[in-house]
Structure formats: structure tokens, C-alpha cells
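K.L.:
First, the structure itself, so that you have it in front of you.
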Amino acid sequence: MILITGATGHLGTSVIQTLLTKTPANEVVALVRNETKADRLEQQGVNIRVGDYNNTEALDRAMQGVDKVLLIAGGDAPNGLQQHQNVVDAAKKAGVGYMAYTSRSLKDPDTLVNQLMMRHFETEDYIKASGLTYALLRNSLYMDTLPVFTGPAVFETGIALPAGQGRVAFALRREQGEAIANVLMADDGANRIYNFTGSDAYSFDDVAAALTELSGKPVTYTNIDPTVMAERMKGRGVPDTAIQRTIGFMTDIKHGQEAPVSTDLETWLGRKPASLRDGLPTLYTL
1 MILITGATGH LGTSVIQTLL TKTPANEVVA LVRNETKADR LEQQGVNIRV GDYNNTEALD
61 RAMQGVDKVL LIAGGDAPNG LQQHQNVVDA AKKAGVGYMA YTSRSLKDPD TLVNQLMMRH
121 FETEDYIKAS GLTYALLRNS LYMDTLPVFT GPAVFETGIA LPAGQGRVAF ALRREQGEAI
181 ANVLMADDGA NRIYNFTGSD AYSFDDVAAA LTELSGKPVT YTNIDPTVMA ERMKGRGVPD
241 TAIQRTIGFM TDIKHGQEAP VSTDLETWLG RKPASLRDGL PTLYTL
């Protein structure tokens, strides 16, 4: 049995829907915080177990009879690392043999500005030390996040970010989920690390050019100073912590942290992942 945490989220849903094409539904376990959100999964025959990363007793119950666990990284909770450790501990306690974790594909964790990303590599280290057989699934930045970065009025205002000419190996979240499911089904009992990235890396100039071509409307990219972005975010009432984290994220893009490209996603999909031009029409109204 394969347990998927964060089962009703976007990535968890993609993983489970692929699994259901490859294994009986009663072999798939969905860990959810809110059972009412799992109605569709339950109707498909998926085992539903209720719990969250903070509730160690619920995690212990959820792990019973499970052979493999996919730990989908949590959000930005202050105790996020402890939450991940709780899942790993529960899996080990229950005798689970295999732990997969959705980490991040980045050039050099030691030089990251956005320190929130370090939680991924601290979780990786904890999993390695646990003695569990593991698969570390290092995803590139979701292409699906582009509308958030560009803003809702991108075709009127263009793109203004402090990312320089930094490039990002964007990949669609659903394709990463599909590849993760394929890895879970093909486990060979060895410890593995995968980098699930797009086949190419793109700058925000590339994003602007693709949006221009696809929409027929001129879209430009302006590399702004980080202080300008910070002031704009502050004017919208964004908390200082979130502002600093976002600036750090953009700085990491500028420094090439998101640029590395791997063929792992293509290998585990059995096809080329969607290019920027292929993916954008599914994310914008074009």
C-alpha cells in the first residue's frame, strides 16, 4: 500500500490520479486533514485516513499496513521541519520500508538567500539518517506559479520582477506528479535522487516573449530593483516576512539557483515534458 500525504492538494491529486491507472484503488492511501475534501477520492475507492503533520497519534494510525510513503512537503509553517520529521518518525515506527519526499532542485543549497528552502535539504538529511529506503524527488519550480509571479494584469502591465536574467527550468506540476507516481510504482529497493525539471530553462524575458506570441499582445519584462518590489508589496499590505522571503526567492532566481536542467523528468514520463510555449496556454486565458 502507498500512502500519499497532502492528498487533496494539486500535486497529491496528480500523483494519485496517475497511481489509479497503475494499481488498484484499495492499494492507495490518502492522508487528509479534512475528510470532506476527499469525497472524490473515497468514491474512487481510495483509502482515506485523517491526520496532519502535527498530530503524531493520527500519523501513527495512518501508517498502519502501509509499505511506501510519499511525503509531500508542507507549507511555510514555523515548525515545518518538525512536521516533516513527525511523518518520517511515524513511518519508521510503523515499519514502513520506503519513504519518498518532494524536495527542490536547486543549484547550490549552501548559497541560497531564501533560507526557507533549506528545510527541504534538512528533511532530506533526516530521511537519510532514518535508515528508510528513500527516493528524494527534487522538483523544479512549477510552471503553474507563473500567473502568480506575472500578476493578473500581465497583458496590460507586463512583468516587473527583480530576477535579472536568471533562468528557471519550469515544469508543469501535473507532469511532475505523474513522474513521481511512476517512481513509486517502479521502486527497485535502492536509495535514489531524482531531479524533475523541464528540458530547458527560461528567463522572464522568454516568458514575456512567449506570452506576446501566444496572445498577440505585447508583453515586456522589466528587471526592477528589489527595493521597488518590496515597496509595492508593502503598499498592498504584504507582511514584512513574506516580502523578504519573496525578495530572497527572486534573488536566488537571479543567481541561477533555479536554472539546472535534468533529463530525469523526461525519462520517468517517457516523453518530453511540456515546454514553456506548450504549458502557458493551460495557465492563462489565451
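1 is the number of the first residue of the sequence shown in full-length UniProt numbering; add one for each residue after it. The C-beta atom is built at its ideal place from N, Cα and C for all residues, glycine as well. Everything numeric in this text was worked out from a predicted model, so none of it was measured.
Contact between the region 109-123 and the region 180-190: three or more CB pairs below 8 Å?
P.N.:
no
K.L.:
Can at least three beta-carbon pairs, one atom from the region 102-109 and one from the region 249-262, be found at a separation below 8 Å?
P.N.:
yes
K.L.:
Could you pull the start and end residues of the beta strand (DSSP E) that Phe196 belongs to?
P.N.:
192-196
K.L.:
Find the nearest neighbour of Ile72 within the set Ile4, Thr21, Ala58, judged by alpha-carbon distance.
P.N.:
Checking every option, the nearest Cα to that of Ile72 belongs to Ile4.
K.L.:
Apply the 10 Å Cβ neighbour rule to Ala153 and answer buried if 16 or more other Cβ atoms are within range, or exposed otherwise.
P.N.:
Per the 10 Å Cβ criterion, exposed.
K.L.:
Is the number of C-beta pairs between the region 216-228 and the region 150-168 that are closer than 8 Å three or more?
P.N.:
Under the Cβ criterion (8 Å, minimum of three pairs), the region 216-228 counts as touching the region 150-168.
K.L.:
Pull up the distance between the alpha-carbon of Tyr284 and that of Ala129, whole angstroms please.
P.N.:
Those two C-alpha atoms are separated by around 42 Å.
K.L.:
Helix, strand or coil: how does DSSP classify Val50 here?
P.N.:
strand
K.L.:
Buried or exposed: where does Asp39 fall if 16 or more other Cβ atoms within 10 Å of its Cβ makes it buried?
P.N.:
exposed
K.L.:
Put Val207 into one of helix, strand or coil per three-state DSSP.
P.N.:
helix
K.L.:
Whose CA, out of Pro78, Arg236, Ala163, Asn139, lies closest to the CA of Val113?
P.N.:
Scanning Pro78, Arg236, Ala163, Asn139 for the CA closest to the CA of Val113 turns up Ala163.
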